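With full-length UniProt numbering, letter number 419 in the sequence shown gets 419, and the count goes up by one each step, no holes. The block underneath contains the structure these notes are about, expressed in structure tokens.
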Amino acid sequence: MNEWRIQMMPTKCQQLFKSLKDWQKRFSFSREQENRFLRTVAEQSDLFLRILTGFILIFQLYNICYVLIYTDARLHTVASRVYMLMYLFMLIFTLAVLKLRSAWRQRAPIPWERFTFLYSLYGGVLIFWSVCLTLYDQRVSDNLNVYLIVSLSTAGLIYMKPSFSITVYMFSEILLLIQLPYFQQGAISENYGKYVNSVCLALVACFISLYRNYTLRQSFLNQETIDQQRLEIEGQNKKLDYIANHDALTGLGNRYCLDHYVADLVKNGARHRAAVLMIDIDFFKQYNDTFGHLKGDQCLRKVAETMEKLAVPGKLFRYGGEEFLCLMTDLAEWGDGYLTSIALCWGVEGLELPAADTQKNVTVSVGCTEGIMASQEDFMNLLNQADKALYTAKNTGRNRAVRYGDSSPFIEEDGAVGK
């Protein structure tokens with residue numbers, strides 16, 4: 001039976017090490033993730049550190065005052081001097097940690113990795129300090145209260161990496177067990193219960209520290225997953241929003257996008273000197289019949305790309321089929337919309353795209369109107385006027401810009417720009 005147990009021990013150890021490796025692999029982060037994790041831990045631990053250091057400072061100041069009062073400030077005994085040194089050391093060390101914390105807080109970028117190391121170092125020193133104080137207390141008292149309180153508090157409040165945590169707690173416990181017989185009164189057998197209690201305490205504190213590390217990393221991973229899913233959803237929403245608001249062929253905003261654009265412009269009663277340009281590619285149906293729809297799509301893209309550049313500072317939309325709409329707002333001068341209309345005609349013709357009629361190039365007809373736009377109703381009125389002007393342009397020869405008069409139904413054709 002004993003031989004079987006001996007043979008099984010390597011197998012169990014291998015299983016244990018494999019479990020530890022699997023656990024480590026599960027929570028292994030990339031460098032970027034580790035930095036974000038350390039920042040999260042440092043921000044969470046900062047409040048706990050301030051609370052803990054506050055209690056430590058009060059505790060040290062109280063004990064220093066107590067020793068001074070008890071000895072009439074003479075410190076005439078060895079014990080009083082030893083206690084004073086231990087209290088002063090922890091007081092100065094705590095103040096130094098707080099000073100470093102304050103200095104690093106003012107840096108840009110904040111060194112979060114140093115913060116977590118500082119917190120862990122403070123926790124480790126605090127535990128070793130509690131061991132020394134507990135050992136020296138054994139001369140007059142057999143309790144382990146300081147070691148108990150500090151170990152459990154540190155395990156619950158201060159983040160430590162597993163390797164650091166195990167090293168600190170195990171080394172502290174070994175130091176305590178080795179030195180206790182030299183300071184305690186009575187034989188080892190009489191204090192056996194205290195040894196067992198201290199070992200159990202170290203194991204519990206170490207477990208709490210490891211479990212805290214596990215929960216922090218698990219929580220961080222969960223939050224990372226949630227954030228990643230949120231970013232993916234936001235990306236999909238943006239993609240769907242773009243698809244819903246833009247023409248797939250030309251990349252221009254569609255009528256749905258136009259409605260939202262106008263609504264944003266006139267919200268809160270904002271008034272704009274606006275121009276609406278209705279644009280139609282001349283004889284585009286014949287172009288498709290002659291060259292095919294693939295060439296027709298290429299023609300639409302080239303015409304749209306050219307007009308989008310010429311329409312600046314206006315915004316160009318694909319209104320439907322071979323029709324486009326350009327909306328210009330906050331005109332510097334009345335007539336700028338009409339000048340842009342003429343530029344669109346010239347620009348498209350200048351592409352020299354062969355039309356269905358071999359003697360001509362692809363051209364556009366433009367209907368333009370200008371006026372004050374302060375509501376959706378104003379926009380619809382301007383749109384109606386531009387549509388009428390476009391109808392006239394198509395019926396009077398095409399490849400021209402026609403403006404609808406603001407104060408009269410008179411329609412002016414291209415050529416000289418009238419006033």
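Note that the Cβ used here is the ideal one computed from N, Cα and C, for glycine as well. All values derive from a computational prediction rather than experimental measurement.
(request) Hey, could you find the ends of the alpha helix (DSSP H) lysine 285 is sitting in? (result) Position 285 of the sequence shown, counting from 1, holds the residue named residue 285. From DSSP, the alpha helix (DSSP H) with lysine 285 extends over 284 to 291.
(request) Compute the beta-carbon to beta-carbon distance between leucine 390 and aspartate 280, rounded to the nearest angstrom, for a pair I have assumed lies under 8 Å. (result) In the sequence shown, counting from the first residue as 1, residue 390 sits at position 390. In the sequence shown, counting from the first residue as 1, residue 280 sits at position 280. The Cβ separation is near 6 Å, so the contact holds.
(message) Give me the residue from Asp259, Leu339 and Gln286 with the minimum Cα distance to glutamate 377.
(response) Position 377 of the sequence shown holds residue 377. The shortest Cα separation from glutamate 377 among Asp259, Leu339 and Gln286 belongs to Asp259.
(request) Would you decide whether glutamate 352 is buried or exposed? Buried here means 16 or more other CB atoms lie within 10 Å of its CB. (result) As a first step, residue 352 must be located in the sequence shown, where it is residue number 352. Glutamate 352 comes out exposed.
(request) Using three-state DSSP, classify lysine 161 as helix, strand or coil. (result) Along the sequence shown, one-based indexing puts residue 161 at 161. It is coil, neither helix nor strand.
(message) Determine whether the beta carbon atoms of glutamine 185 and aspartate 137 lie at a separation below 9 Å.
(response) For this step, residue 185 is matched to residue 185 along the sequence shown. For this step, residue 137 is matched to residue 137 along the sequence shown. No, they are not a contact pair.
(message) Let me check you understand the geometry: is the CB of leucine 121 closer than 8 Å to at least one non-hydrogen atom of the ligand SAM?
(response) In terms of ligand content, the structure shown is empty, and the ligand SAM therefore cannot be addressed.
(request) Check whether the Cβ atoms of serine 209 and threonine 154 lie closer than 9 Å to each other. (result) Position 209 of the sequence shown, counting from 1, holds the residue named residue 209. Position 154 of the sequence shown, counting from 1, holds the residue named residue 154. The answer is yes: Cβ separation under 9 Å.
(request) Return the Cβ separation of threonine 134 and leucine 118 in integer angstroms, given the expectation that the two are a contact with Cβ distance under 8 Å. (result) The count along the sequence shown starts at 1 and reaches residue 134 at position 134. The count along the sequence shown starts at 1 and reaches residue 118 at position 118. With a Cβ gap of about 24 Å, threonine 134 and leucine 118 do not count as contacting.
(request) With glutamate 34 as the anchor, note down where its alpha helix (DSSP H) starts and where it stops. (result) In the sequence shown, counting from the first residue as 1, residue 34 sits at position 34. Note, glutamate 34: alpha helix (DSSP H), 31 to 70.
(request) Determine the direct distance from the alpha carbon of glycine 292 to that of proline 313, and round the result to whole angstroms. (result) Counted from its first residue, the sequence shown places residue 313 at position 313. Counted from its first residue, the sequence shown places residue 292 at position 292. Each residue's Cα considered, the two are about 33 Å apart.
(request) Answer with buried or exposed for valine 131, where buried requires no fewer than 16 other C-beta atoms within 10 angstroms of its C-beta. (result) Within the sequence shown, residue 131 is the residue found at index 131, counting from 1. When all chains shown are included, valine 131 counts as buried.
(request) Report the rounded CA-to-CA distance for isoleucine 149 versus valine 168, giving the unit in angstroms. (result) Mapped onto the sequence shown, residue 149 falls at position 149. Mapped onto the sequence shown, residue 168 falls at position 168. Spanning the two alpha carbons is a distance of roughly 16 Å.
(request) Report the option in Thr392, Arg301, Ala356 and Ala401 whose CA atom is closest to the CA atom of aspartate 336. (result) Within the sequence shown, residue 336 is the residue found at index 336, counting from 1. Residue Ala401 is the option with its Cα nearest to aspartate 336.
(request) Give the DSSP bridge partners of threonine 369, in chain order. (result) Working through the sequence shown from its first residue, we reach residue 369 at position 369. Answer is Val276, bridged to threonine 369.
(request) Mark alanine 275 as exposed unless 16 or more other C-beta atoms lie within 10 angstroms of its C-beta, in which case mark it buried. (result) Counting from one through the sequence shown, the residue named residue 275 turns up at place 275. Under this definition alanine 275 is a buried residue.
(message) Let's see if you can read the secondary structure: which residues bound the alpha helix (DSSP H) around lysine 388?
(response) Here residue 388 refers to the residue found at position 388 when the sequence shown is read from its first residue. It spans 376 to 395 - the alpha helix (DSSP H) in which lysine 388 sits, taken as one unbroken run.
(request) Going by CA-CA distance only, name the one from Leu176, Ser165 and Ile166 that's closest to tyrosine 147. (result) Residue numbering aside, residue 147 sits at position 147 when the sequence shown is read from its first letter. That would be Leu176, whose Cα lies nearest to the Cα of tyrosine 147.
(message) In the DSSP assignment, the beta strand (DSSP E) including leucine 327 goes from what residue to what residue?
(response) Indexing the sequence shown from 1 puts residue 327 at position 327. Looking at the DSSP string, the run of the beta strand (DSSP E) that includes leucine 327 is 323 to 328.
(request) Out of Met278, Pro162 and Thr363, state which residue places its alpha-carbon closest to the alpha-carbon of tyrosine 211. (result) Translated into the one-based positions of the sequence shown, residue 211 becomes position 211. When only C-alpha atoms are compared, the closest one is Pro162.
(request) Just mark isoleucine 158 as buried or exposed, buried being the case when its beta carbon has 16 or more other beta carbons within 10 Å. (result) For the purposes of this step, residue 158 is identified with residue 158 of the sequence shown, where counting begins at 1. Answer is buried; the Cβ neighbour count reaches 16.
(request) Can you tell me which of the three DSSP states arginine 271 falls into? (result) Against the sequence shown, residue 271 aligns to sequence position 271. Of the three classes helix, strand and coil, the one that applies to arginine 271 here is coil, per DSSP.
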